[in-house]
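Accompanying notes for the structure given below.
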Amino acid sequence: MPPPSLVLFDMDDVLCSYSIERRAAYLARLAGSTTEAVLAAIWGSGFETLADNGTIDAEAYLRGCGERIGHRLTLQEWIDARRAATAPQTEVLELVQRVRQKAKVAVLTNNPTLVEDHIQLLFPELPPLFGSSIYASAGFKTAKPAAECYQRCLSVLGIAPADALFIDDLPENVAGAQAAGLAAYNFTSAHALAEFLRGRSLL
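Here the sequence shown is numbered in my numbering, starting from 1408 and rising by one per residue.
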């Protein structure tokens, strides 16, 4: 089997370790609140999902986050909180460096457009590997695991679903990619991913 033309990576908990709790704790300190209250206000309420699928734009999202936690949240504070929750998975990034010698690589992450727009500050290790091919789901007005999310991303990249491989840590997102016609792999560890990529002639 020939290697795919494109390897499309999820970001959170694949390319980086991501902690919603750490992010909520950071916001709670700003607001003089509790981690539990912030988690309930933003994530438990479904508000973050509205941003991920593009129902609300970046300005409304930032303003709404502040309103929900009782603090006039600035863009810099939002960036600082998001970055505090993000730790690069160095071993996976090293695999990406090798894969990009064999195939095009890109990122598709369920996130608001603020992540895509400020990726250089949030995750500076990514642009050198992926260039401008880093996409937040909100920009496609949908989110994984909806088939349209993958299809719209691939359309921008000019790649047919049959020529793409998608890697995500969530089984439901893997299933969504497969339903959209992509090959897909459920990420569990850098070691297991390396074995899989070797089997696809990508290492």
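Beta carbons are placed, not taken as given, at the ideal position from N, Cα and C, and that holds for glycine. Predicted model only: the values in this text are computed from it and were never measured.
### Task
Kindly indicate which residue of Ile1541, Ala1599 and Arg1607 has the alpha-carbon position closest to the one of Glu1498.
Ala1599
#### Entry: Beta-carbon spacing of Asp1576, Val1421 below 8 Å
yes
### Query
Hey, quick one: how far does the alpha helix (DSSP H) through Ile1526 stretch, first residue to last?
Ile1526 to Leu1529
### Message
I need the boundaries of the beta strand (DSSP E) containing Ser1426, first residue and last residue.
### Response
Careful: Ser1426 lies outside any beta strand (DSSP E) and carries neither H nor E.
### Task
Compare the beta carbon distance of Ala1513 and Phe1547 with 8 Å and say whether it is the shorter of the two.
no
### Message
If I follow the unbroken alpha helix (DSSP H) through Ile1574, where does it start and stop?
### Response
Taken as a continuous stretch (DSSP letters only), Ile1574 belongs to no alpha helix (DSSP H), being part of the beta strand (DSSP E) at Ala1571 to Asp1575.
### Task
State buried or exposed for Ala1435, treating a residue as buried only when at least 16 other CB atoms are found within 10 Å of its CB.
buried
### Assigned secondary structure, Ile1449 (DSSP; H/G/I helix, E/B strand, else coil)
helix
### Task
Let me know if Arg1379 comes out buried or exposed under the rule of 16 or more other beta-carbons within 10 Å of its beta-carbon.
Examination of residue 1379 is not possible in this model, given that the chain is present from 1408 through 1610 alone.
### Query
Which whole-angstrom value describes the C-beta separation of Phe1594 and Ala1584, a residue pair presumed to lie in contact below a C-beta threshold of 8 Å?
Not confirmed; about 12 Å, so no contact.
### Message
If you follow the beta strand (DSSP E) that Ala1494 is in, where does it begin and where does it stop?
### Response
Thr1493 to Pro1495
### Query
Can you tell me the Cα-Cα spacing of Arg1479 and Val1522, whole angstroms?
19 Å
### Message
Tell me which residue opens and which closes the beta strand (DSSP E) that Leu1609 is part of.
### Response
Here Leu1609 belongs to no beta strand (DSSP E), and DSSP marks it neither H nor E.
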